[in-house]
Structure formats: C-alpha cells, structure tokens
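**Student:**
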Amino acid sequence: MIKYLPEGKIFNSADNKYYLQSEKTMLEAQLHGLILEGHAILCDAEHNLIVELPFGKGIIPRTEGAIGIEDGSTRDIALLSRVNKTVCFKVIKIRRNSQGETECILSRRQAQEECMQNHISKLKCGEVIPAKVTHLEPFGCFVDIGCGIPSLIPIDAISVSRISHPNDRFFNGQDIYAVVKGTEDGRICLSHKELLGTWAENAGMFSAGETVGGVVRSVEPYGIFIELAPNLAGLAEPRENVRVGQAASVYIKALIPEKMKVKLIIVDVFENGCFPSKINYFINSGRIDRWVYSTEQSDKRIVSEFREE
C-alpha cells in the first residue's frame with residue numbers, strides 16, 4: 098500500500114481528524130513524525146501559509162512551504178496556489194503567541210522531502226501510481242504524485258486518441274492513475290495512455306450495428322475522426338458543418354482488427370456540453386514491462402517499453 102499519496106487523499110480519514118483535534122494530539126503527531134493534512138485558508142503578505150485548525154492556527158513559514166522555495170528553484174506561485182486547498186505537513190513545534198493563542202508551526206517541505214526519500218526516489222519504470230490533476234496546460238497535464246510533488250503527463254501520452262487540449266480528458270482536482278516512464282533531471286516522467294486498454298480491449302466494448310456516442314477529434318478532407326473511447330477512434334465519411342469538439346451519435350459499420358480501424362456513419366452531431374467523462378482504466382495497479390496496443394493481426398506495431406536505463 099502506498100503511504101505517500103497526493104494531497105487531499107487523507108484529509109477526511111479518521112486518523113487525520115484525530116490528530117488535528119487538539120494540541121495534545123498534534124504533539125502526538127509531532128512525536129511520531131506523522132504527515133497530516135489541513136485546509137490552507139490564507140497566504141499572507143510574507144507568503145506564509147495559514148492552515149485552519151480546530152483549536153488554533155497552523156503556520157507554514159514561506160521557506161517550509163515547498164521543496165525549492167528557499168533556493169529559488171520553486172516559485173512562490175506554488176504557495177499562493179495552495180490557498181483554499183488541502184496541504185500536507187509535519188508538525189515542527191507548538192507555541193503560544195503574544196495573545197496567548199495556540200500556534201502550530203508546520204512544514205510542508207519536510208513532508209515532501211520524506212515523500213521524495215521514501216517513495217518517489219524508489220519508483221520503478223513501469224510502476225502504476227495514483228495521481229491528482231493540479232493544472233492543465235496546452236502541452237500537458239500536471240499532477241501531484243505524492244505530498245504535492247509535481248510531475249507532468251505530456252499531451253501525447255494522455256491517450257491514443259488525439260486531443261486538442263488536456264482539458265478534453267481531465268479536470269483540475271481529478272484523481273487518476275499514471276505509469277512511470279522514467280526519470281529526467283531528478284524528476285519523474287509519466288505516461289497515461291497505456292492504462293486505457295489496447296485496441297482489442299477497447300473494440301471489445303462495441304459491436305457492428307450499434308449506434309453509440311462519440312466526440313469529434315479531427316476533421317480531415319478524407320473523413321472525420323470520432324473518438325469512441327480514449328484509446329479508440331473511428332473514421333466517418335466527410336460531412337459539412339462538423340467541428341472538432343462536437344458530440345456525435347454514430348452508427349458502427351464495421352470493426353476491422355487486422356487494420357485496427359473502425360468504420361462509422363454519422364447519425365447526428367451537436368454541441369458537446371458534457372464534462373470530461375469518467376475514465377475507464379484497464380490497468381490501475383502493479384507494474385508494466387511492455388504494452389502492445391496493436392492487434393495480433395495488424396502489421397502496424399504500437400508498443401511502449403518500460404525498462405530501467
């Protein structure tokens with residue numbers, strides 16, 4: 098069982114609630130060196146994070162807010178962006194301020210350093226891990242892979258079916274899974290598409306003669322590519338007034354394993370007002386050595402290798 102999880106995963110746990118309830122239980126947490134989570138309600142003018150506690154105030158000093166803040170390798174936006182979100186921390190000390198109020202001095206940096214040492218530095222290529230979407234950029238999806246430590250899933254590694262922006266697939270705060278692709282300059286590199294099934298696994302969810310829903314992903318002179326699942330798209334004949342991002346209802350004319358093709362007929366297209374749908378994972382744990390998307394009958398090989406360099 099993974100101990101070091103993305104921020105927010107233990108906030109509502111019974112243990113976390115127990116240790117946050119009083120000065121006495123926070124002292125217990127300090128004694129045992131536990132990582133807890135709380136709600137950051139403010140980042141003050143000095144960029145100290147203020148954490149809401151039932152019996153007093155928690156303070157994460159600026160330099161304790163994240164790995165790299167002190168040496169400048171992490172920008173202060175990493176602190177500002179935590180306001181109104183869950184943060185992890187270790188208890189450093191408990192004191193009384195000049196008004197006699199209880200203040201807990203906390204360190205998110207120490208929690209992250211422990212996570213790096215005991216978890217992230219030990220991840221192996223091909224290992225499947227939980228992650229949490231933190232923000233989306235045109236080039237990829239940033240995720241928390243433990244205690245707020247970030248990693249990136251490049252846009253071309255999100256799914257086999259091509260998307261124009263990661264928000265076609267994910268939303269901020271979403272819990273997902275990812276697979277470790279390797280390390281680069283001390284950072285973990287991730288992929289995602291290998292967890293979403295092979296061509297055969299995805300095609301097995303559909304049958305010729307069915308009419309199903311999809312999303313328009315590409316409009317070409319020779320036809321329209323419509324995504325049926327994140328790792329499966331089909332081709333329909335050209336049609337006027339169809340745009341990328343629209344929803345469609347399509348008739349499945351044929352599934353052709355030897356060519357890894359799905360032939361479709363568009364029944365209707367309309368504006369897509371749907372939130373990104375729930376992701377269907379074919380793999381969500383364990384370790385992958387080699388993933389083959391292609392069918393056995395196909396001459397085209399789409400393969401991902403997960404091997405330590």
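Each residue of the sequence shown is one higher than the one before, starting from 98 at the first, in our numbering. The C-beta atom is built at its ideal place from N, Cα and C for all residues, glycine as well.
What residue ranges within the stretch 106–166 form continuous alpha helix (DSSP H) runs of no fewer than 4 residues, ordered along the chain?
**Tutor:** Those alpha helix (DSSP H) runs which fall completely within the stretch 106–166 and span 4+ residues are 111–117, 120–129.
**Student:** Expressed to the nearest angstrom, what Euclidean distance is found between the alpha-carbon atoms of Ala275 and Ile217?
**Tutor:** As a first step, residue 275 must be located in the sequence shown, where it is residue number 178. As a first step, residue 217 must be located in the sequence shown, where it is residue number 120. Looking at the two C-alpha atoms, the distance is approximately 13 angstroms.
**Student:** So, Asn264 versus Leu233, is the Cβ gap smaller than 8 angstroms?
**Tutor:** Within the sequence shown, residue 264 is the residue found at index 167, counting from 1. Within the sequence shown, residue 233 is the residue found at index 136, counting from 1. For Asn264 and Leu233, yes; Cβs fall inside 8 angstroms.
**Student:** Could you work out which residue in Asp272, Glu317, Glu307 is closest to Ile349 when comparing CA atoms only?
**Tutor:** For this step, residue 349 is matched to residue 252 along the sequence shown. Among Asp272, Glu317, Glu307, the Cα nearest to that of Ile349 belongs to Glu307.
**Student:** Nearest to Gly301 by CA position, among Cys201, Ile164, Val359, is which residue?
**Tutor:** Position 204 of the sequence shown, counting from 1, holds the residue named residue 301. Looking at the Cα atoms, Val359 is the closest of the given residues.
**Student:** My parser needs the alpha helix (DSSP H) runs of 4 or more residues fully inside the stretch 260–341; what are they?
**Tutor:** Qualifying alpha helix (DSSP H) stretches, in chain order: 296–300.
**Student:** Can we say the stretch 256–263 touches the stretch 226–243, given the rule of at least three CB pairs closer than 8 angstroms?
**Tutor:** Contact holds: three or more Cβ-Cβ distances are below 8 angstroms.
**Student:** With a CB to CB cut of under 6 angstroms and the five nearest residues on each side skipped, what residues in its chain are close to Glu134?
**Tutor:** Indexing the sequence shown from 1 puts residue 134 at position 37. Counting only Cβ-Cβ distances below 6 angstroms, and skipping sequence neighbours, we find Ile107, Phe108, Asn113, Thr183, Cys185.
**Student:** My understanding is that Gly237 touches Ile252, with C-beta atoms under 8 angstroms, so please give their C-beta distance in whole angstroms.
**Tutor:** Translated into positions along the sequence shown, residue 237 becomes position 140. Translated into positions along the sequence shown, residue 252 becomes position 155. At roughly 5 angstroms, the Cβ-Cβ gap stays under 8 angstroms, so Gly237 and Ile252 are in contact.
**Student:** Which of the three DSSP states is assigned to Ile226 in this structure?
**Tutor:** Against the sequence shown, residue 226 aligns to sequence position 129. Three-state result, Ile226: strand.
**Student:** Per DSSP, which one or two residues make a beta bridge with Ala254?
**Tutor:** By one-based count along the sequence shown, residue 254 stands at place 157. Beta-bridge pairing links Ala254 to no other residue.
**Student:** Does the stretch 159–170 come within contact of the stretch 110–127, defined as at least 3 CB pairs closer than 8 angstroms?
**Tutor:** Result no; under three Cβ-Cβ pairs closer than 8 angstroms.
**Student:** Do Val277 and Val313 count as a contact pair if the criterion is CB distance below 8 angstroms?
**Tutor:** The sequence position of residue 313 within the sequence shown is 216, counting from 1. The sequence position of residue 277 within the sequence shown is 180, counting from 1. Not closer than 8 angstroms, so no.
**Student:** If you drop the 5 nearest sequence neighbours on each side, which residues of the same chain put their C-beta closer than 7 angstroms to that of Gln343?
**Tutor:** Mapped onto the sequence shown, residue 343 falls at position 246. Within the same chain, Gln343 has close Cβ partners Val313, Val366, Phe367, Glu368, Asn369.
**Student:** Tell me where the beta strand (DSSP E) around Glu200 begins and ends.
**Tutor:** Residue mapping note: residue 200 aligns to position 103 of the sequence shown, counting from 1. Looking at the DSSP string, the run of the beta strand (DSSP E) that includes Glu200 is 199–204.
**Student:** DSSP beta-bridge partners for Trp348?
**Tutor:** The sequence position of residue 348 within the sequence shown is 251, counting from 1. A small fix is needed here, since residue 348 is Tyr in this sequence, not Trp. The partner list for Tyr348 (beta bridge, DSSP) reads Thr308, Ile362.
**Student:** Buried or exposed: where does Gly197 fall if 16 or more other Cβ atoms within 10 Å of its Cβ makes it buried?
**Tutor:** Here the question's residue 197 lines up with position 100 in the sequence shown. Exposed: under 16 other Cβ atoms inside 10 Å.
**Student:** Relative to the C-alpha of Leu332, which candidate in Leu361, Ser304, Ala305 has its C-alpha closest?
**Tutor:** Mapped onto the sequence shown, residue 332 falls at position 235. Leu332 has its Cα closest to that of Leu361, out of Leu361, Ser304, Ala305.
**Student:** Less than 7 angstroms between C-beta atoms, sequence neighbours within five positions excluded: which residues of the same chain meet that for Ile246?
**Tutor:** One-based indexing of the sequence shown puts residue 246 at position 149. Once the five neighbours on either side are set aside, the close Cβ partners of Ile246 are Gln209, Cys212, Met213, Ile217.
**Student:** Hey, quick one: how far does the beta strand (DSSP E) through Phe189 stretch, first residue to last?
**Tutor:** Reading the sequence shown from its first residue, position 92 is the one you call residue 189. Looking at the sequence itself, residue 189 is Ile, so the reference to Phe does not match. Residues 183–193.
**Student:** Which residues in the same chain have their Cβ closer than 8 angstroms to the Cβ of Glu200, if we skip the five residues on either side of it in sequence?
**Tutor:** Along the sequence shown, read from residue 1 onward, the residue named residue 200 stands at position 103. For Glu200, where only same-chain residues beyond five positions count, the Cβ hits under 8 angstroms are Gly153, Lys154, Gly155, Ile156, Ile191, Arg192, Arg193, Asn194.
**Student:** Cα separation between Ser248 and Ile285?
**Tutor:** The sequence position of residue 248 within the sequence shown is 151, counting from 1. The sequence position of residue 285 within the sequence shown is 188, counting from 1. So the alpha carbons of these two residues sit roughly 6 angstroms apart.
**Student:** In angstroms, rounded to a whole number, what distance separates the CA positions of Leu203 and Ala175?
**Tutor:** By one-based count along the sequence shown, residue 203 stands at place 106. By one-based count along the sequence shown, residue 175 stands at place 78. Taking the straight line joining both Cα atoms gives about 17 angstroms.
**Student:** When the distance is taken between beta carbons, is Gly320 closer than 8 angstroms to Glu334?
**Tutor:** By one-based count along the sequence shown, residue 334 stands at place 237. By one-based count along the sequence shown, residue 320 stands at place 223. Yes, Cβ-Cβ distance for Glu334 and Gly320 is below 8 angstroms.
**Student:** Could you give the distance in angstroms between the alpha-carbon of Leu117 and the alpha-carbon of Lys187?
**Tutor:** The residue labelled residue 117 in the question sits at position 20 within the sequence shown. The residue labelled residue 187 in the question sits at position 90 within the sequence shown. Distance between the alpha carbons of Leu117 and Lys187 is about 12 angstroms.
**Student:** Can you tell me whether Gln394 is buried or exposed, with buried defined as 16 or more other CB within 10 angstroms of its CB?
**Tutor:** Along the sequence shown, read from residue 1 onward, the residue named residue 394 stands at position 297. With fewer than 16 Cβ atoms within 10 Å of its Cβ, Gln394 is classed as exposed.
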